[in-house]
Each structure stands twice: as structure tokens, then as C-alpha cells.
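Using this note's numbering, you'd call the opening residue of the sequence shown number 606 and step up by one each time.
Every residue gets a Cβ at the ideal spot worked out from N, C-alpha and C, and that includes glycine.
Nothing here was measured: the structure is a model prediction, and the numbers come from that model.
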Amino acid sequence: MPLLDWLNKSHALRAAAGVPFRLLEAVSSHGDVGGQNNDNWLIRGDNLEALKALLPFFAGRVKCIYIDPPYNTRSAFEHYDDNLEHSQWLSLIYPRLELLRELLAEDGSIWVSIDDNEAHYLKVVMDEVFGRGNFVTSFIWQKVDSPNDNKVPITPDHEFLLCYEKQKDKAGFRKKSDASLLDAYSQRDEMGRLYRDRLLKKNGKNSLREDRPTMFYPLTAPDGTVVYPIHDDGREANWAYGKSGVDQMVADSRLVWKQREKAGKMVWVPYTREYAPSCPERPHPTILLDVKTTRQAKSHQRDLLPHAQQFDTVKPEQLVQRVFEVATNPGDLVLDSFLGSGTTAAVAHKMGRRWIGIEMGEHARTHCLPRLEKVVAGEQGGISAAVNWSGGGGFRFFRLGQPVFLADGGINPEIRFATLAAWVWYQETRTPLLPPVGNEPTPLLGVHEGTACYLLYNGILGDRRPQGGNVLTGPLLASLDALVPHTGPRVVYGESSRLSPARLKALGITFRQIPYDIRAR
606 MPLLDWLNKS HALRAAAGVP FRLLEAVSSH GDVGGQNNDN WLIRGDNLEA LKALLPFFAG
666 RVKCIYIDPP YNTRSAFEHY DDNLEHSQWL SLIYPRLELL RELLAEDGSI WVSIDDNEAH
726 YLKVVMDEVF GRGNFVTSFI WQKVDSPNDN KVPITPDHEF LLCYEKQKDK AGFRKKSDAS
786 LLDAYSQRDE MGRLYRDRLL KKNGKNSLRE DRPTMFYPLT APDGTVVYPI HDDGREANWA
846 YGKSGVDQMV ADSRLVWKQR EKAGKMVWVP YTREYAPSCP ERPHPTILLD VKTTRQAKSH
906 QRDLLPHAQQ FDTVKPEQLV QRVFEVATNP GDLVLDSFLG SGTTAAVAHK MGRRWIGIEM
966 GEHARTHCLP RLEKVVAGEQ GGISAAVNWS GGGGFRFFRL GQPVFLADGG INPEIRFATL
1026 AAWVWYQETR TPLLPPVGNE PTPLLGVHEG TACYLLYNGI LGDRRPQGGN VLTGPLLASL
1086 DALVPHTGPR VVYGESSRLS PARLKALGIT FRQIPYDIRA R
């Protein structure tokens, strides 16, 4: 597969790994943050560092990611540095895409808004990060409903929306509900069910006998007449279904015979009875002409935040709604690491999705926070009427805190057991750490693919002496076996081990020293 190269790409490839792991510090909570709302997080801070901080808790759990990164248009945006060289822009987006992929669930999808300035570069980079085979499609959104400038011969009135799956055909995209499809079903059976009868004979493309010879076979009409598929011009055709399929229709009373006049005489013609779907739906078009535009989104933004600096590139709530309608179900977790004015989080909240939004600037406080407070209070703009939103729920506001590891490689003394445990487990398994049974922390973090992972840190075993309980010794190992027995291979993280390498090997134990083996992995 062709790869894109640019100045300092080698640095971009290493950037995600080099980002320090930071704590997330809770600043405030708003509304009801119990139950499902516990995962509604607004985070202020650099999105690369914030994404890294989320990995131990949300890796592989995010169903849908929508981002609207800066477009590199060389225009002076108030809230984003959108005047970057192509190489700088690519170096900005690449490591973020890498971390976003780690957060995405196996049945998840990522959607990225972009315009002509970087769309084609972005496509090649996303092919590299997510795999070309996982590309779904490129949507086109009509962003304006009137010409931008009548002085120019060509005016751009659309943007792109690139869509990728984490794993091909795993995302389970939903079709678009369309009640108008029922208009084609004009008849009712004795039970009142809507239906229509369709010719069994295939018409149009690939409808000749030589196109599909096995679909040319005889059927017996009610009067015993043998009927073959023949076009009106006399050419031999084929049936739309194979013999076994027709036999099943007969068994289900869905093969209907009708007499029709043909060439001056009455002949028998077979039809298939097709009942109206209980939930009529059709595929989503890739050209989005029925979604609100930037003009309407700006108007909504002014109503929401009349005294705040306005975003020039704000997206309408209906655009994000369409993404979530296709890619998610209520209760799914969605993420936006370029939250902007808070549109993605607002839409997710109104649609009953759990959400995480990251915004680096002061407008996390001046735009996102007040907007989401209004959503919780029942704000009625955007998609509220369409989804019957009346308020409720809540969210937590976080900021990036201290790094877990100090510059000299040691562990920050402020770090508690649960924080380091989440990071160790993620480093070892690349999966998020589940809460301990009973919510009481234990040295055994869990068992992954048959291997148990232990952490000896912060006096977890109750011994508060220096190094107490943090050094692997024979007696301590015996206490671990008594506390949480495990017969398979084990990985133990601790300050040091007093067991010989030979004994560790004989016991099936891999020892990793804190902090060195954590920083190196």
C-alpha cells in the first residue's frame, strides 16, 4: 500500500509513545452524574495528552469517534491555529489518530470532517493508521445554502466526512428510517397486512437466460400449464429466484398466480408476494443535502452563547446527529477530541449516548461548559425537538493534572494505587482495567489470556513500612497465593524481587521492576 511521507514524519510516528501519562483531575460535576452519566466527561487540556490519559480506562470501549480538526485553510481562526504547513498539519493529526484507534472498540467507527485543503492527504494517512480495507466511504455535506461570494467563478459549498471502521464490516451501521417506503404497498391481505405483488420474472440488467442459465426452469400454473420466463419480445429470460427459493414461497403461500393478457390471449404469470416491512428503512445516501448548514449552526451558536466569541466553522447538530444515527445506539460511548464549541457532546447527550469531549483552550470553559449546562437544563435548540429532548442527566468537568512519572523516571509520589494499577494493566494487556469486585483494591489486577497480573505498590497489602509489601519475597508470594490463588503464569510488578531468576522461572513468574519496566513498555 502506498504511504505518505513528509518532513519530520519519523517524529510523528513516535509522538504518541512519547506523550507523558497524566492524571485527570476532577474540577466539578454538573447535574446527575450517577449511572450511565458517570462516563460523560468534559476534559480541558491538550488532546494528545488527554487521549493518552484516557487509554487505561477506555481503550477499546469507544463505539464512535467524531472529530472536526482544524482544516489548515490558512485563515486566522480565533480558537485554532489553522495556518499550518502541510507537514505540520500531518504531524499534528497522525499521533492523535493512532491514539484514537486504540480507544475505538472493535465494532467501532471514526468519522472525520475535513475540506479540500487536507482531505486527500488525510485519506492516505487514515489508510495507513486504520487500514485501507477498513475505509467505508466519504460523505459530502452541503455546508452552505447560498453562494459564499458572487465575485468568484467557483465557490466551495461542501465539505467531506471520511468514515472508517476499526474492523471491516463489524460496525453494524444502521439504515435510515423512511415511512414513505410503505407507499409502495397498497394492498391488504385477510389479516390486514400491507403487501405488494412483484413479477417473479427478472427484468433489466442480467435478465436473459444466458446471463444466469440456472434461473431458467419451468413452473406449473394452477391449470397445469408449464410456464417459463419469457420477455415480451420473445427472448428467454430468467426468474428472480432459484428453484429452492420458489419452493419456499409456495410453502409460505407467497407465490401468487395471476392471469394477464399477452398477444391477444390470457396467460398465467407468477408473482412474489412481498409484505411491507415493520420498520421501513433504506441505505443512507453519501451526499447529505437534508442536513442543516453552517449558517443555521452559527445562528444556533449565537442563541446559545450570545456573549461569547463565535466559532466560524461550527457544525450543525443535525450533522453529528446523522453520524450517531448511522453508527451508534442509545447508551453507546462516543468521543470527540476536537470538541470546539461542544456540538458533539451536546448531540450525544440529547440522543442518550455516553460521551467524552476534549478541548484544549479556554473555550472549554467559556463555550463547552455553559453550553452543556444548558443542555442538561433542557435547551431547546438544534436537534432537541427532533429527539424530544427536555433535559436531564449530567457530566463531569476534568483538567489534565500531574504526570504519573517524574523527569528522572521515578513515580510521582502523589500517585495512588488505583491510578498506577490502571496504567500497569493497560501496558500489560492493552485493555482497560475493570473495577475490583467489591470495589476493594487487591494486588491481583486481573487475569488476561490466562496470565495473572499483580501490582505491589503503595502498601497495598497493608504494610506501611518503607518498601513494605512492595518487594517480592518468599513470604509475600505465599501471602499472595493465599489471598488470590492462581495456577497459571503470573506477571508481578514491584520495587524489587528477592527471589532468584531461577526460582521465578520455576514458578512461572515474570517480574517487572517499578518504575523502570513501566517506563520502558
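> Cβ atoms of Phe740 and Tyr769: under 7 Å apart, would you say?
Replying inline: yes
>> For Ile698, report the span of its alpha helix (DSSP H) as first-last.
In response: His691 to Leu708
> Within 10 angstroms of its Cβ, does Arg958 collect 16 or more other Cβ (buried), or is it exposed?
Replying inline: buried
> Of the choices Met796, Trp646, Tyr671 and Ala617, whose alpha-carbon is the least far from that of Arg927?
Replying inline: Tyr671
> Is it buried or exposed for Ala681, if we count other Cβ within 10 angstroms and need 16 for buried?
Replying inline: Model confidence at Ala681 stands at a pLDDT of 33, short of 50, so the residue's coordinates are unreliable and nothing is read from them.
> Distance, Cα to Cα, His616 vs Ser696?
Replying inline: 8 Å
> Does DSSP put Thr899 in a helix, a strand or coil?
Replying inline: helix
>> Below 6 Å, is the gap between the Cβ of Arg878 and the nearest heavy atom of the ligand MG?
In response: Here there are no bound small molecules, and the ligand MG is not part of this structure.
>> Excluding the 5 residues flanking Glu1019 on each side, which residues of the same chain have their C-beta closer than 7 Å to its C-beta?
In response: Gln1007
> Ser946: buried (16+ other C-beta within 10 angstroms of its C-beta) or exposed?
Replying inline: buried
> So Leu1025 and Leu1060 are in contact, right, with Cβ under 8 Å, and what is the actual spacing, rounded?
Replying inline: 7 Å
> Whose C-alpha, out of Lys806, Lys807 and Leu787, is nearest the C-alpha of Tyr800?
Replying inline: Leu787
> If you draw a straight line from the alpha carbon of Ser942 to that of Ala951, how long is it in whole angstroms?
Replying inline: 14 Å
> Does the region 905-912 come close enough to the region 863-881 that 3 or more CB-CB pairs lie under 8 Å?
Replying inline: no
> Of the choices Gly1093, Gly962, Glu886 and Gln641, whose alpha-carbon is the least far from that of Ala1111?
Replying inline: Gly1093
> When we look at the beta-carbon of Asn613 and count the other beta-carbons within 10 Å, is it buried (16 or more) or exposed?
Replying inline: exposed
> Residues bridged to Ser718 by DSSP?
Replying inline: Leu766
> Could you give the C-beta distance for Trp1028 and Val1052, rounded to a whole number, given that I count them as a contact under 8 Å?
Replying inline: Contact flag wrong, Cβ pair sits at about 18 Å.
> Does Phe744 get closer than 7 Å to chain C when you measure Cβ to Cβ?
Replying inline: Absent here is chain C; the protein component of the structure consists of one chain.
> Is Glu630 helix, strand or coil when you go by DSSP?
Replying inline: strand
>> What does the Cβ neighbour count give for His954, buried or exposed, with the cut at 16 atoms within 10 Å?
In response: buried
>> Judging by CA-CA distance, which residue of Met731, Pro885 and Gln772 is the nearest neighbour of Asp783?
In response: Pro885
> Which residues share a DSSP beta bridge with Val1097?
Replying inline: Tyr1059 and Phe1116
> Sorted by chain position, which residues of the same chain lie with C-beta nearer than 8 Å to Pro1046's C-beta, five sequence neighbours on each side aside?
Replying inline: Phe1022, Ala1023, Ala1026 and Ile1065
>> List, from N- to C-terminal side, the beta strand (DSSP E) runs of 3 residues or more that fit wholly inside the region 835-873.
In response: 860-867
> How close, in whole Å, do the beta carbons of Ile963 and Ala776 come, if the pair is a contact with beta carbons under 8 Å?
Replying inline: The pair is not a contact, with the Cβ atoms about 22 Å apart (cut-off 8 Å).
> Ends of the beta strand (DSSP E) at Val1052?
Replying inline: Leu1049 to His1053
> What number of angstroms, rounded off, separates the C-alpha of Glu630 from the C-alpha of Lys773?
Replying inline: 36 Å
>> Rounding to the nearest angstrom, what Cα-Cα distance links Asn643 and Val667 in this structure?
In response: 15 Å
>> So, at 7 Å on beta carbons, what are the nonlocal neighbours of Arg859 in its own chain, with the 5 sequence-adjacent residues on each side left out?
In response: Thr877 and Arg878
>> The alpha helix (DSSP H) that contains Lys955, what's its start and end?
In response: Thr948 to Lys955
> Are there 16 or more other CB atoms within 10 angstroms of the CB of Ile892, so buried, or fewer, so exposed?
Replying inline: exposed
> For Leu608, which residues from the same chain have a beta carbon less than 7 Å from its beta carbon, with the 5 sequence-adjacent residues on both sides left out?
Replying inline: Glu733
>> By the three-class DSSP mapping on this structure, what secondary structure does Thr1036 have?
In response: coil
> For Val585, which option in Ile1123, Val717, His1091 and Phe1116 has the closest C-alpha, if you only look at C-alpha atoms?
Replying inline: Residue 585 is absent from the structure shown; the chain starts at 606 and stops at 1126.
> Looking only at C-alpha atoms, which of Arg798, Lys806 and Asp720 sits nearest to Trp873?
Replying inline: Lys806
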